[in-house]
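**Q** I'd like to ask you about the structure that follows.
Numbering (my numbering), first residue to last: 133 to 240.
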């Protein structure tokens, strides 16, 4: 999992943890990283849902959560940010895995 100490780096601008074989859930403490602009968590073994605290990542411009085992709904505040910034890019596993299957993550 992501070490809890990372969430204490409140002025962190960029976090790229793609392809690091990380597992477990994403801590709600991720909301502490309010200055984060670039977040890459793809291709890891994360499970559970996307924490509601993602809404607090108000500076986020680019993020990747694809190729994980995250499920559920992307927090509404994050979806609103996507619409307001227009330059925002969030990549998730929103597409069904196969014909007739539901997506793992719902992009509202």
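Even glycine gets a Cβ: it sits at the ideal position worked out from N, Cα and C.
Counting only the same chain and skipping the five closest in sequence on each side, list residues whose C-beta sits under 6 Å from that of residue 165.
**A** Position 33 of the chain shown, counted from the start, is the residue given in the question as residue 165. 144.
**Q** On the DSSP bridge assignment, give the partners of residue 180 in chain order.
**A** Taking the first residue of the chain shown as position 1, residue 180 is located at position 48. Its beta-bridge partners are 202.
**Q** Under the assumption that residue 160 contacts residue 182 (Cβ atoms under 8 Å), give the Cβ distance between them as a whole number of angstroms.
**A** Translated into the one-based positions of the chain shown, residue 160 becomes position 28. Translated into the one-based positions of the chain shown, residue 182 becomes position 50. In fact, because the Cβ distance is near 10 Å, the residues do not count as touching under 8 Å.
**Q** Tell whether a beta-carbon distance below 9 Å holds between residue 191 and residue 150.
**A** Your numbering for residue 191 matches position 59 in the chain shown. Your numbering for residue 150 matches position 18 in the chain shown. Not a contact, by the Cβ cut-off of 9 Å.
**Q** Going by the CB atoms, is the gap between residue 163 and residue 147 shorter than 9 Å?
**A** Within the chain shown, the letter at position 15 stands for residue 147. Within the chain shown, the letter at position 31 stands for residue 163. The answer is no: Cβ separation not under 9 Å.
**Q** Assuming residue 180 and residue 155 are in contact, meaning their beta carbons sit under 8 Å apart, how far apart are those beta carbons, in whole angstroms?
**A** Residue mapping note: residue 180 aligns to position 48 of the chain shown, counting from 1. Residue mapping note: residue 155 aligns to position 23 of the chain shown, counting from 1. The Cβ separation is near 11 Å, so there is no contact.
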